[in-house]
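Heads up: the sequence shown begins at 19 in my numbering, then just goes up one per residue.
Here a beta-carbon is modelled for each residue, glycine too, at the ideal position from N, C-alpha and C.
None of these values were measured; they are calculated from a predicted model.
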Amino acid sequence: MKNKARNATKKYHQEMYSDNVLFKKGSWLAKPKAEIIEVVERDFADKANIRVLDLGSGIGRNAIPIAKIIGKLGGRVTCVDYLDLAIKKLLDYASKYKVPDFIEGIVSPIEKFVIESDTYDFIIAHSVLTHVENKKVMAQLINNMAKGVKKNGIIYINMITNLQEFDVATDKERDPEAEVEISFDEASKLLRKVFNRWEIQTLNKNLYQEKFYKGEREILWKADYLLFIAKNTT
């Protein structure tokens, strides 16, 4: 089941990155997440040599706008994604948008990437933590992220919870083929435990719905996206 879920996730993202152009209307690749850019502009825009880690970066939806902001003062974004296609396109887009010197692309599963302690000012994990092997691996990765953030640095997590999938034609619920299924309450409890000494700035959820095709079947995908932002004040 886990391999099936991983293959489904891989297929979805490969098609998304192949069929859509970054920053063009028509998909969620059209613009960066506003909350991420707000953090960068508020906390890091006027600081030199900022280090950002973008886990599950894809083709640069968030990394490229960040690089434009922090690159002016020597900042750098390290981007990690397990898809070769994603990193190739990321580097192509970095050149197109004139930020190649401020972006590093690494092909690796996020859970296998070594996060050095006390290294990053800002670590981002947008819609990627449920694409690991299991909850234990997820928890370890979150702990590693926490250790990797410098004093006064920021963690941003946007995470799929309460996931449901429906066949649009029949309205019947289907197996969502998720690598990790987790409720909002369980995820919130985990985050509060790991970051219990941090300043939690945001912890909420927002309903997300998306329609797409699996083969010839139109699918409705529903989830509560957990948004978590915290500052390392320890």
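If you count every other CB in all the chains shown that lies within 10 Å of the CB of Ala52, and 16 or more means buried, which is it?
Against the sequence shown, residue 52 aligns to sequence position 34. Classification of Ala52: exposed, given that the 10 Å Cβ count is below 16.
Is the beta carbon of Phe120 closer than 9 Å to that of Ala85? Against the sequence shown, residue 85 aligns to sequence position 67. Against the sequence shown, residue 120 aligns to sequence position 102. Cβ atoms of Ala85 and Phe120: closer than 9 Å.
Alpha carbon of Ile160 to alpha carbon of Ala248, nearest angstrom: The residue given as residue 160 occupies position 142 in the sequence shown. The residue given as residue 248 occupies position 230 in the sequence shown. Between Ile160 and Ala248, the C-alpha separation is close to 12 Å.
Between the region 195-211 and the region 134-150, are three or more C-beta pairs nearer than 8 Å? yes
Q.
Output needed for Glu134: all residues of its chain with C-beta closer than 7 Å, excluding positions within five of it in sequence on either side, in chain order.
A. Translated into the one-based positions of the sequence shown, residue 134 becomes position 116. Gly166, listed in sequence order.
Problem - Continuous alpha helix (DSSP H) stretch holding Asp61: start and end - result: Taking the sequence shown and counting its residues from 1, one reaches residue 61 at position 43. Run containing Asp61: Ala52 to Asp61, per the alpha helix (DSSP H) assignment.
- [ ] Return the Cβ separation of Glu122 and Arg94 in integer angstroms, given the expectation that the two are a contact with Cβ distance under 8 Å.
- [x] What you label residue 122 is simply residue 104 of the sequence shown in a count that begins at 1. What you label residue 94 is simply residue 76 of the sequence shown in a count that begins at 1. Going by Cβ atoms, the distance from Glu122 to Arg94 rounds to 7 Å, so yes, they are a contact pair.
- Leaving out five residues before and five after Val293 in sequence, what residues of the same chain have Cβ atoms less than 7 Å from its Cβ? This structure gives no information on residue 293, because the portion of the chain shown stretches from 19 to 252.
ask   = According to DSSP, what are the bridge partners of Gln219?
value = In the sequence shown, counting from the first residue as 1, residue 219 sits at position 201. BP columns for Gln219 are empty, so no partner.
Check: How many angstroms separate the CA atom of Leu221 from the CA atom of Leu245?
Finding: Counted from its first residue, the sequence shown places residue 221 at position 203. Counted from its first residue, the sequence shown places residue 245 at position 227. Their Cα atoms are separated by approximately 6 Å.
- Task: Figure out for me which residue from Phe41, Asn180, Ala66 and Arg215 has the closest Cα to the Cα of Ala81.
- Result: Against the sequence shown, residue 81 aligns to sequence position 63. The shortest Cα separation from Ala81 among Phe41, Asn180, Ala66 and Arg215 belongs to Phe41.
Query raised in the report: By Cβ distance, which residues of its chain are closer than 6 Å to Ile175, with the 5 residues on each side in sequence left out?
Result: Taking the sequence shown and counting its residues from 1, the one referred to as residue 175 is at position 157. These residues qualify, in order along the chain: Ala143 and Phe246.
Checklist entry - Going by beta carbon distance, what residues of the same chain come within less than 7 Å of Glu228, once the five residues before and after it are set aside? => result As a position in the sequence shown, residue 228 is number 210, starting the count at 1. Hits under 7 Å: Trp239.
Worksheet item: Can Arg210 and Asp139 be called in contact, C-beta distance under 9 Å?
Response: Looking up residue 210 in the sequence shown gives position 192. Looking up residue 139 in the sequence shown gives position 121. Contact: no.
DSSP-derived helix/strand/coil call for Gly44 | Residue 44 sits at position 26 when you count from the first residue of the sequence shown. Here Gly44 sits in coil by DSSP.
Which stretch, first to last residue, makes up the beta strand (DSSP E) that contains Ile160? Here residue 160 refers to the residue found at position 142 when the sequence shown is read from its first residue. Run containing Ile160: none in the beta strand (DSSP E); it sits in the alpha helix (DSSP H), Lys153 to Gly166.
**Message:** What does the Cβ neighbour count give for Lys114, buried or exposed, with the cut at 16 atoms within 10 Å?
**Reply:** Here residue 114 refers to the residue found at position 96 when the sequence shown is read from its first residue. Burial call: exposed.
Please determine, among Pro83, Lys90 and Leu91, the residue with the shortest C-alpha to C-alpha distance to Cys97. Start at 1 with the first residue of the sequence shown, and residue 97 comes out as number 79. Checked all of Pro83, Lys90 and Leu91; the closest Cα to Cys97 is Pro83.
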